[in-house]
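Quick note, the sequence shown lines up with residues 508 to 615 if you use the numbering used here. From the three backbone atoms N, C-alpha and C, an ideal C-beta is built for every residue, glycine too.
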Amino acid sequence: MAIAAAFPLVTLWIMKFIRPKFNPTAEKVMPYECGITPESDARGRYTVRFYIIAILFVVFDVETIYLFPWAVQYQVLGLYGLVEMLVFLGVLIVGYIWIWKRGALDWI
C-alpha cells in the first residue's frame, strides 16, 4: 500500500526536475482552434436550451437501448412483453408531449 501511494508522488517529484520550463506567451495561452485565430472568448456561455436537447437525446437513446432487446425477444415475451413496452413507450410519448407543450422545443 505504501508503494502504491509513494510511486505517483515520486514520479511527480522527478518530473518536476525533468520537464521543460513553461514560458507562457500570448500565443501559447491562446485557445487553439484548428490553426485559426479565435474570433471570441472560448469560454462563452451556452444557452440552457442546448442542455435540454442533450438530455432529450440521452433519454431517447436509452429508449432505443431498451427497444432492441425487446424487438429481438418479442415472440418469447408474448402479450406481457407487448403491454410492457407499450406502457414504456406511452410514458415516453407523454413526456415528449409535455416538453413540447411547455415550449422547450419552440426555438428549434
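CB contact flag (residue i, residue j, <7 Å)
i    : j    : result
W614 : R552 : no
E570 : L599 : yes
A512 : I559 : no
Residue nearest to residue i in terms of C-alpha spacing, selected from the options
i    : options                   : result
E534 : T544, R526 and P527       : T544
P576 : W605, M592 and T554       : M592
I606 : V566, T518, F514 and R550 : V566
F564 : Y603, A509, P515 and T532 : Y603
N-terminal and C-terminal residue of the alpha helix (DSSP H) that residue i is part of
i    : result
Q582 : Y581 to R609
E534 : A533 to V536
F529 : Where F529 is concerned, there is no enclosing alpha helix (DSSP H), given that its DSSP letter is neither H nor E.
- [ ] Please confirm if the segment 573 to 585 is in contact with the segment 521 to 528, defined as three or more CB-CB distances below 8 Å between the two stretches.
- [x] no
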